[in-house]
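Engineer: Numbering (the working numbering), first residue to last: 347 to 382.
#1: Look up residue 348 in the DSSP assignment and say whether it is helix, strand or coil.
#2: For residue 363, which residues in the same chain have their Cβ closer than 6 Å to its Cβ, ignoring the five residues on either side in sequence?
#3: Could you check what DSSP says for residue 364 in three-state terms: helix, strand or coil?
#4: With distances taken between CB atoms, is the gap from residue 357 to residue 382 smaller than 8 Å?
#5: What is the rounded straight-line gap between the Cα of residue 320 and the Cα of residue 351?
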């Protein structure tokens, strides 16, 4: 079951912002990937 496209884009934008600001480690990246 996929979320609406706009919701997916919003989550992706948040993820990109976190990647730029926090540089999360592998575990956090994996958790974000699973959340998407």
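No residue lacks a Cβ here, since even glycine has one placed at the ideal position from N, Cα and C. Given the structure is predicted, the values throughout are model-derived calculations rather than measurements.
Structural biologist: This is what the structure holds:
#1: coil
#2: none
#3: helix
#4: yes
#5: Nothing about residue 320 can be read from this structure; the chain reaches only from 347 to 382.
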